[in-house]
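Student: So for the sequence shown, UniProt numbering puts the first residue at 1; every next one is plus one.
All residues carry an ideal CB built from backbone N, CA and C; glycine is no exception.
Just so we're clear, the structure is a prediction, and the values are computed from it rather than from any experiment.
I have a structure here, written as structure tokens, and I will follow up with some questions on it.
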Amino acid sequence: MLAAGTLNADEPRDLDLPLKERFFIQPLAPAQAAQRAKESAKDIVGVKELIDKKAWPYVQMDLRLKAEYLRYDLNTVISAKPKDEKKSLKDLTGKLFQDISNLDHAAKIKSTPEAEKYYTATVSSLNTVLSKLG
1 MLAAGTLNAD EPRDLDLPLK ERFFIQPLAP AQAAQRAKES AKDIVGVKEL
51 IDKKAWPYVQ MDLRLKAEYL RYDLNTVISA KPKDEKKSLK DLTGKLFQDI
101 SNLDHAAKIK STPEAEKYYT ATVSSLNTVL SKLG
């Protein structure tokens, strides 16, 4: 099976199309997007060993890559939810991505205490968001 989100990566691109029409992350059904979001979340949780090794550039690269898939998939799942659930989910995902951004900044300034603090906050936010997705 091909990596999630790269289903047509080997196909040529029409560079004359607007960027949104040649977007490289494939739209998935909400159930599949939720599954890929859970996989991305596992990878984000796996950043802990890189923090322990103080491999800061790798922490940043992994966070940024997985956070983009996560953001895209969470938006897909949230858009399929009933209107009354959307607001709370959007607030929770906003907090999650703020925590991820703070963790990224801690890696940028190479601060282990801050990275540990924001890693804990990120994992907590991730668990909250994933539990609400069902």
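Do the segment 68 to 86 and the segment 26 to 38 meet, that is, are 3 or more Cβ pairs less than 8 Å apart?
Tutor: yes
Student: Between which two residues does the alpha helix (DSSP H) containing residue 98 stretch?
Tutor: 83 to 108
Student: Within its chain, find whatever has a CB closer than 7 Å to the CB of residue 123; leave out the 5 residues flanking it on each side and keep chain order.
Tutor: 45
Student: Could you check the C-alpha separation between residue 127 and residue 109 for me, to the nearest Å?
Tutor: 26 Å
Student: Just to confirm, is the Cβ distance from residue 104 to residue 64 under 8 Å?
Tutor: Between residue 104 and residue 64, the C-beta spacing is below 8 Å.
Student: Tell me whether residue 100, by its Cβ, gets closer than 7 Å to a heavy atom of the ligand ATP.
Tutor: As far as ligands go, the structure on display features none, and thus does not contain the ligand ATP.
Student: According to DSSP, is residue 124 part of a helix, a strand, or is it coil?
Tutor: If DSSP states are grouped into helix, strand and coil, residue 124 belongs with the helices.
Student: Can you tell me which of the three DSSP states residue 111 falls into?
Tutor: It is coil, neither helix nor strand.
Student: Alpha carbon to alpha carbon, how far is residue 100 from residue 40?
Tutor: 13 Å
Student: Let me know if residue 29 comes out buried or exposed under the rule of 16 or more other beta-carbons within 10 Å of its beta-carbon.
Tutor: exposed
Student: Report the residue from 132, 130, 133, 96 whose alpha carbon sits nearest the alpha carbon of residue 120.
Tutor: 96
Student: Out of 43, 26, 60, 16, which one is the CA nearest neighbour of residue 115?
Tutor: 60
Student: Quick one: is residue 45 near chain D, going by C-beta distance under 8 Å?
Tutor: Going by chain labels, chain D is absent from the structure shown, which holds only one protein chain.
Student: Helix or strand or just coil, what does DSSP make of residue 55?
Tutor: The answer is coil: DSSP assigns residue 55 none of H, G, I, E or B.
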